[in-house]
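Read through the structure below, which is laid out as structure tokens, and then see the notes.
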Amino acid sequence: MTPRQRFILLVGFTFALNIAVFAQPTFTSPPEDVGTRRIFTLYGDLRVLELEGDVPANTMFDLILYSRENELVARQRVGKGGRYSFNNVIEGNYLIGVELDHIEIARLAIHIAQRKHEPIRQDLELDWTPSLRTKRGAVSAPDSYSRTPQNRKLFEKAMKQINNNDLPKAIATLRSIVEADPKDYQSWNELGMVYFIQKDFIAAEKSYAKAIEVSPEYITAFLSLGRLRLAQKNNEGAIAAFQSALEKDPKSALPNYFLGEAYFVARKESSAVRYISEALKLDPVGMANAHLRLATLYNLSGRKDLAALEYNEFLKKKPEYPDAQRLREYIIANNPRRKRTPDPSPTPNP
């Protein structure tokens, strides 16, 4: 059992994320095309402790496995008490991102390797402590669409199937909903997300497009489409989707942030800075992590003084950030306002 780690996270919520890593005895056979590198299954339970408030019904978390180069490896959606499982993961260093309503609330570094060739278990435990909820813009409640009693039961069934990682059944259930009610834009979006998780990108894009067709003001579908295109490295397509979302609501922080991210990936630095900064202006606390993205951008371009300023602003908002000491050391080393102690004057000769 590793030591407990506490994270102060985004979007107006505070969680404690506790890490437990241990092996289970089920064997996974590796494919033959990865040479000497071994393949593992990474899995675990997502437990949500409702200590100071109830988790809203149908709340779903997206768990995303990234390479250390920040490339998407796998994605799953789970609810409280659900189990995730990432199969065929090549040994190495990875990151697990946890998202709620399109906002990353945690990111955990993990090393996939062990002596025994067995699945690796990584349980995630979240303490749900509602605080003042910041306005997050383009977020729709899970039950926002008005459905018939039968379709409402089917939607709840689909959410449970997603929670249990039974994705083929979830697809079948969601398809039965949209066949009965083609205007159910939220079910179209959820269907697209399940296809996205399964890496059926063509079907995912069609589902997101259908959600947009039947509800052109549904910003979440534009954000979903943009993120799908980013995963496909279709940067210009992602920019177009995020721009469409922004046109619907220019004062929403999320479309600004994701548009900035897309420009960042497309290596259009000035545009990235513009939109990420606007997201911070619109939601200074809820989008606090945007300071880290700006700092990364400035650091890559050699402007370490500006990166230090962004890290400093971030720590004002998130002083309990787990890597706070590392950021402080960077600030001290690169702060342009740090005064250099002058060398002593030489003693004049008599």
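Here the sequence shown is numbered in my numbering, starting from 1 and rising by one per residue. Just so it is clear, CB atoms sit at the ideal spot from N, CA and C, and this is done for glycine as well.
| request: Could you tell me the distance, in whole angstroms, from the CA atom of tyrosine 84 to the CA atom of alanine 308? | output: Within the sequence shown, the letter at position 84 stands for residue 84. Within the sequence shown, the letter at position 308 stands for residue 308. Separation of tyrosine 84 and alanine 308 (C-alpha to C-alpha, rounded to the nearest whole angstrom) is 37 Å.
| task | Kindly give me the distance between the Cβ atoms of lysine 80 and valine 98, rounded to whole angstroms, as I take these residues to be in contact under 8 Å. | result | One-based indexing of the sequence shown puts residue 80 at position 80. One-based indexing of the sequence shown puts residue 98 at position 98. Rounded, the Cβ-Cβ distance is 12 Å, inconsistent with contact.
| request: Could you tell me the distance, in whole angstroms, from the CA atom of alanine 109 to the CA atom of glycine 92? | output: Position 109 of the sequence shown holds residue 109. Position 92 of the sequence shown holds residue 92. Each residue's alpha carbon lies about 11 Å from the other.
| said: To the nearest angstrom, how far is the alpha carbon of arginine 121 from that of phenylalanine 201? | reply: Taking the sequence shown and counting its residues from 1, one reaches residue 121 at position 121. Taking the sequence shown and counting its residues from 1, one reaches residue 201 at position 201. The alpha-carbon atoms of arginine 121 and phenylalanine 201 are separated by roughly 28 Å.
| query | Considering only the beta carbon of each residue, do valine 89 and isoleucine 112 sit closer than 8 Å? | reply | For this step, residue 89 is matched to residue 89 along the sequence shown. For this step, residue 112 is matched to residue 112 along the sequence shown. Contact flag set, yes.
| From serine 244 to alanine 253, what does the alpha carbon distance come to, in whole angstroms? | Numbered from 1 along the sequence shown, position 244 holds the residue referred to as residue 244. Numbered from 1 along the sequence shown, position 253 holds the residue referred to as residue 253. Approximately 14 Å between the Cα atoms of the pair.
| Between leucine 306 and tyrosine 298, is the Cβ-Cβ spacing less than 8 Å? | Walking along the sequence shown from the start, residue 306 turns up at place 306. Walking along the sequence shown from the start, residue 298 turns up at place 298. In contact: leucine 306 and tyrosine 298 (Cβ atoms closer than 8 Å).
| query | Is threonine 41 helix, strand or coil by DSSP? | reply | Along the sequence shown, read from residue 1 onward, the residue named residue 41 stands at position 41. Strand.
| What does a CB cutoff of less than 6 Å around alanine 333 pick up in its chain, not counting 5 residues either side in sequence? | The sequence position of residue 333 within the sequence shown is 333, counting from 1. Excluding its 5 nearest sequence neighbours in each direction, alanine 333 has no C-beta neighbour in its own chain below 6 Å.
| Inter-residue CB distance, asparagine 256 and glutamate 278 (contact presumed, cutoff 8 Å) | Start at 1 with the first residue of the sequence shown, and residue 256 comes out as number 256. Start at 1 with the first residue of the sequence shown, and residue 278 comes out as number 278. Correct: roughly 5 Å between the Cβ atoms.
| request: Work out the CA separation of alanine 158 and threonine 296 for me, nearest whole Å. | output: By 1-based counting over the sequence shown, the position of residue 296 is 296. By 1-based counting over the sequence shown, the position of residue 158 is 158. Rounded to the nearest angstrom, the two C-alpha atoms are 39 Å apart.
| Under the DSSP definition of a beta bridge, which residues are partnered with phenylalanine 86? | In the sequence shown, residue 86 corresponds to position 86, counting from 1. Paired residues: Leu42.
| Per-residue DSSP class, three states only, for glutamate 125 | In the sequence shown, residue 125 corresponds to position 125, counting from 1. Glutamate 125 falls in the strand class under three-state DSSP.
| field | Beta-bridge pairing of glycine 79 - partner residues as DSSP gives them | value | Counting from one through the sequence shown, the residue named residue 79 turns up at place 79. BP columns for glycine 79 point to Met60.
| Three-way DSSP call (helix, strand, coil) for alanine 172 in this model | Position 172 of the sequence shown holds residue 172. Here alanine 172 carries a helix assignment [DSSP, helix/strand/coil].
| message | Here's a check: name, in chain order, each residue in its chain whose Cβ is nearer than 8 Å to the Cβ of asparagine 165, leaving out the five neighbours to either side. | response | The residue given as residue 165 occupies position 165 in the sequence shown. Counting only Cβ-Cβ distances below 8 Å, and skipping sequence neighbours, we find Gln76, Val78, Gly82, Arg83, Tyr84, Ser85.
| Looking at alanine 221 and alanine 211, is the spacing between their C-beta atoms short of 8 Å? | Looking up residue 211 in the sequence shown gives position 211. Looking up residue 221 in the sequence shown gives position 221. Contact check for alanine 211 against alanine 221 passes: the beta carbons are separated by less than 8 Å.
| query | Does the Cβ-Cβ distance between leucine 126 and leucine 49 come in under 8 Å? | reply | Locating residue 126 in the sequence shown gives position 126, counting from the first residue. Locating residue 49 in the sequence shown gives position 49, counting from the first residue. Yes; because the gap between Cβ atoms is below 8 Å, this pair is in contact.
| task | Just tell me which of Asp249, Ile103, Lys160 has its CA closest to the CA of asparagine 58. | result | Reading the sequence shown from its first residue, position 58 is the one you call residue 58. The option with the nearest alpha carbon to asparagine 58 is Lys160.
| message | Taking its Cβ as the centre, do 16 or more other Cβ atoms sit within 10 Å of alanine 172, making it buried, or is it exposed? | response | Taking the sequence shown and counting its residues from 1, one reaches residue 172 at position 172. That one is exposed.
| field | Between the CA atoms of valine 194 and leucine 167 - distance to the nearest angstrom | value | Translated into the one-based positions of the sequence shown, residue 167 becomes position 167. Translated into the one-based positions of the sequence shown, residue 194 becomes position 194. About 7 Å.
| Extent of the continuous alpha helix (DSSP H) run through threonine 148 | In the sequence shown, the residue the question calls residue 148 occupies position 148. Membership of threonine 148 in any alpha helix (DSSP H) is not indicated, and neither H nor E is assigned to it by DSSP.
| field | CA-to-CA distance, phenylalanine 264 to isoleucine 276, given in whole angstroms | value | Working through the sequence shown from its first residue, we reach residue 276 at position 276. Working through the sequence shown from its first residue, we reach residue 264 at position 264. Separation of isoleucine 276 and phenylalanine 264 (C-alpha to C-alpha, rounded to the nearest whole angstrom) is 9 Å.
| message | Please return the same chain residues whose Cβ sits closer than 7 Å to the Cβ of serine 176, not counting the five positions on each side in sequence. | response | For the purposes of this step, residue 176 is identified with residue 176 of the sequence shown, where counting begins at 1. Result list for serine 176: Leu154, in chain order.
| According to DSSP, residues forming a beta bridge with alanine 109 | Here residue 109 is taken as the residue at index 109 of the sequence shown, counted from 1. Partner(s): Leu95.
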